[in-house]
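In what follows, a structure is listed as structure tokens, so that the remarks can point back to it.
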Amino acid sequence: MPPHWDTDAPWFDHDRALPVADFGNRMPRRGRVRFPAIFSFLVQVPATVVLARYGRDFGHAGHDLGGELGAPRPGWFLAVALALIGPIALLGARRFPGPVAAVCAAAAGALILLRPDIGLPYVALAFAIVLGIVRGARVWVYASVAVAWATTIALAGTLGVPLPPARIAITTVALAVLCAIGEWVRTRREQIRELRRRADARRQSAEQRERVRIARELHDVLAHSLSLINVQAGVGLHLIDSQPAKAAEALANIKLTSKTALDEVRTVLGILRSDTEGESGESAGGTVPLTPEPDLSRLPALIDSYSAQGLHVELIAQLQPVMEATTAATQLALFRICQESLTNVLRHSQTRSATVRLELDDGYAVLTVTDEGSTEPLDPAIVPGGGLLGMRERAELLGGSLRVERPSPGGFLVEARLPVRRMR
């Protein structure tokens with residue numbers, strides 16, 4: 001299938017890759033295709049009719065209102081036909097740029113040999129050269145122009161057609177300039193396409209990162225809350241007959257946990273909605289109250305929520321120094337990593353106790369979560385799962401690292417090291 005001339009590409013600024021002019025898109029598509037043919041017809045054919053039919057007599061008669069034009073020159077009809085071939089051929093330049101360039105070059109050469117006295121530029125050939133190069137038919141254009149022009153010069157010498165050296169030089173330079181223009185336009189369009197590809201790649205990359213971030217946030221919120229709800233539901237079912245008060249307490253914890261989860265999900269969705277409205281310039285009719293994203297000040301409350309589920313958590317933390325030395329993003333990451341680690345202990349460990357340490361160490365905020373009662377073997381397939389993968393991504397995005405291992409006596413250890421960035 002032959003290539004198509006992409007006339008829809010706007011002009012871009014090289015530094016910002018933004019459209020600075022879009023003349024092509026202002027013209028209807030059909031008009032863009034037909035414009036070269038129409039323009040060359042209107043310029044080339046009428047002038048050829050006059051000059052080929054009457055030659056210099058037309059100019060002399062014009063000085064005298066009473067003058068009469070001489071008889072038509074021999075072969076004038078054939079000259080007009082050759083002039084007409086180019087505009088007609090240009091109608092197919094979009095699909096067949098190479099053959100069109102060859103036809104226009106041959107017609108231009110034949111017109112020079114037939115009527116060298118006309119001296120009129122073959123406008124259709126100029127369009128055919130530029131369009132052919134832009135459309136990717138460079139070999140066709142260069143070969144056809146070179147062969148046609150060389151053949152014209154050779155036949156002119158053989159047939160005795162007057163073709164002065166000055167005209168040969170000027171025509172050769174003009175053809176070279178047209179080829180250079182075509183190459184410039186082609187290079188410019190390739191640069192535009194590359195800028196578009198890069199912009200699309202950046203947009204897709206940003207969208208992918210945002211999807212990962214949203215998925216990570218929702219996973220951390222929902223996995224934590226649903227795990228707690230699952231534990232409390234089990235407790236409630238177990239105690240509903242023997243200890244109704246304990247079962248009621250479990251139901252109350254389920255209600256509180258689900259409310260907290262809903263608030264955090266609304267916060268995530270509310271932030272997304274605000275971003276979307278900001279980009280589109282529109283605003284929704286109502287707003288949902290947003291809960292601030294958690295930071296390390298909520299770490300004791302997080303520990304208490306797990307203690308309410310029957311998991312004894314010992315917190316050993318330099319809380320205030322770490323909060324003063326870290327940014328909001330770092331605190332959110334540490335909070336979510338601690339939350340996910342304790343959720344994993346609650347879901348997968350056989351122990352009912354864990355230890356959380358938070359301290360500063362040589363320019364890093366170090367969070368360590370350990371438990372010592374796990375009896376299940378460490379499954380390598382768990383490591384790349386959603387929770388641990390999300391923790392590792394959080395740490396690495398902030399320039400830190402995450403270590404997950406099984407200590408020798410047993411249990412499980414998660415250590416996150418995030419660089420300290422003091423807030424100004």
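Going by the UniProt record's numbering, the sequence shown opens with residue 1, and the numbers climb by one from there. In this text, a Cβ means the ideal position worked out from N, Cα and C, and glycines have one as well. These numbers come from a predicted model, not from an experiment.
{"Query": "So, at 7 Å on beta carbons, what are the nonlocal neighbours of Leu-397 in its own chain, with the 5 sequence-adjacent residues on each side left out?", "Result": "none"}
{"Query": "Per DSSP, what kind of secondary structure is Leu-163 in: helix, strand or coil?", "Result": "coil"}
{"Query": "Take the Cβ of Ala-284 as the centre, count every other Cβ of all protein chains shown within 10 Å, and call the residue buried at 16 or more, exposed below.", "Result": "Any answer about Ala-284 is weak, because its pLDDT of 44 lies below 50 and its placement is not dependable; what the coordinates show is given next. Ala-284 is exposed by the Cβ-count criterion."}
{"Query": "Out of curiosity, what's the CA-to-CA distance linking residue 431 and Thr-260?", "Result": "Any answer about residue 431 is impossible in this case: the structure gives the chain only from 1 up to 424."}
{"Query": "What do you get for Ala-416, buried or exposed, if any count of 16 or more other CB atoms within 10 angstroms of its CB means buried?", "Result": "buried"}
{"Query": "Once DSSP output is grouped into helix, strand and coil, what is the label at Arg-34?", "Result": "helix"}
{"Query": "Cβ of residue 437 within 9 Å of Cβ of Glu-314?", "Result": "Because residue 437 is not part of the residues shown, which for the chain are 1 to 424, the question remains open."}
{"Query": "Distance check for Ala-37 and Ile-88, CA to CA, integer angstroms please.", "Result": "7 Å"}
{"Query": "Could you give the residue range of the beta strand (DSSP E) that holds Arg-403?", "Result": "401-405"}
{"Query": "Candidates Val-134, Gly-363 and Asp-362: which alpha carbon is nearest Gly-98's?", "Result": "Val-134"}
{"Query": "Three or more C-beta pairs under 8 Å: does that hold for the region 155-167 against the region 104-115?", "Result": "yes"}
{"Query": "Determine, using beta carbons only, whether Leu-360 and Val-322 come nearer to each other than 9 Å.", "Result": "yes"}
{"Query": "Kindly list the residues whose CB is nearer than 6 Å to the CB of Gly-59, restricted to its own chain and excluding five residues on each side of it in sequence; keep chain order.", "Result": "Note that Gly-59 scores 44 on pLDDT, short of 50, meaning its location in the model is unreliable; the coordinates nonetheless yield the value given after this. Contacts found: none."}
{"Query": "Name the two residues that bound the continuous beta strand (DSSP E) containing Tyr-364.", "Result": "364-371"}
{"Query": "If you draw a straight line from the C-alpha of Gly-242 to the C-alpha of Ser-305, how long is it?", "Result": "For clarity, residue 242 is Ser in the given sequence; the question names Gly instead. Approximately 24 Å between the Cα atoms of the pair."}
{"Query": "For Thr-355, name the three-state secondary structure that DSSP assigns.", "Result": "strand"}
{"Query": "List the endpoints of the continuous alpha helix (DSSP H) containing Ile-316.", "Result": "No alpha helix (DSSP H) contains Ile-316, which is instead part of the beta strand (DSSP E) from 312-317."}
{"Query": "Flag this pair as touching only if the region 45-53 and the region 79-86 have three or more C-beta atom pairs under 8 Å; answer yes or no.", "Result": "yes"}
{"Query": "So, for Asp-379: in the same chain, excluding its five sequence neighbours on each side, which residues have a beta-carbon less than 7 Å away from its beta-carbon?", "Result": "Here the model assigns Asp-379 a pLDDT of 47, short of 50, so the residue's position is not dependable, and the following value carries that caveat. Taken in chain order, the list of residues that qualify is empty."}
{"Query": "At 4 residues or longer, what runs of the alpha helix (DSSP H) sit wholly inside the region 121-196?", "Result": "123-134 and 138-159"}
{"Query": "Taking Cβ positions only, does Gly-387 come closer than 9 Å to chain B?", "Result": "Absent from the structure is chain B; it holds one protein chain and no more."}
{"Query": "Taking Glu-264 as the reference, which of Leu-218, Gly-132 and Phe-412 has the closest Cα?", "Result": "Leu-218"}
{"Query": "I want to know whether the region 296-311 touches the region 328-348 - three or more CB-CB distances under 8 Å.", "Result": "yes"}
{"Query": "Considering just the uninterrupted stretch of the beta strand (DSSP E) at Ala-412, what are its terminal residues?", "Result": "Reading the sequence as shown, one finds Phe at residue 412 and not Ala. Run containing Phe-412: 412-419, per the beta strand (DSSP E) assignment."}
{"Query": "Suppose the cutoff is 8 Å on Cβ atoms and the five residues either side in sequence are ignored; what does the same chain contact list for Gly-310 look like?", "Result": "Val-231, Val-235 and Arg-352"}
{"Query": "I need the DSSP call for Leu-91, collapsed to helix, strand or coil.", "Result": "coil"}
{"Query": "From the DSSP output, which residues share a beta bridge with Leu-360?", "Result": "Ala-365"}
{"Query": "Compute the Euclidean distance between the alpha carbons of Ser-297 and Ala-333, then round it to the nearest angstrom.", "Result": "13 Å"}
{"Query": "Suppose the cutoff is 7 Å on Cβ atoms and the five residues either side in sequence are ignored; what does the same chain contact list for Thr-287 look like?", "Result": "Interpretation of Thr-287 is limited by its pLDDT of 48, a score under 50 that renders its predicted location unreliable; no figure is taken from the coordinates."}
{"Query": "Around the Cβ of Ala-166, are there at least 16 other Cβ atoms within 10 angstroms (buried) or fewer (exposed)?", "Result": "exposed"}
{"Query": "Using CA coordinates, which residue listed in Leu-163, Ser-225, Val-177 and Asp-362 is at the minimum distance from Val-145?", "Result": "Val-177"}
{"Query": "Select from Trp-140, Leu-358, Asp-362 and Cys-338 the residue whose C-alpha is nearest the C-alpha of Pro-419.", "Result": "Asp-362"}
{"Query": "Assuming Ala-199 and Ala-148 form a contact by the criterion Cβ under 8 Å, report the distance between their Cβ atoms to the nearest whole angstrom.", "Result": "Not quite, the Cβ-Cβ distance comes to about 41 Å (not below 8 Å), so this is no contact."}
{"Query": "Beta-carbon separation of residue 444 and Thr-368 under 9 Å?", "Result": "Nothing about residue 444 can be read from this structure; the chain reaches only from 1 to 424."}
{"Query": "Taking a contact to mean a Cβ-Cβ separation below 9 Å, would you say Leu-402 touches Ile-316 in this structure?", "Result": "no"}
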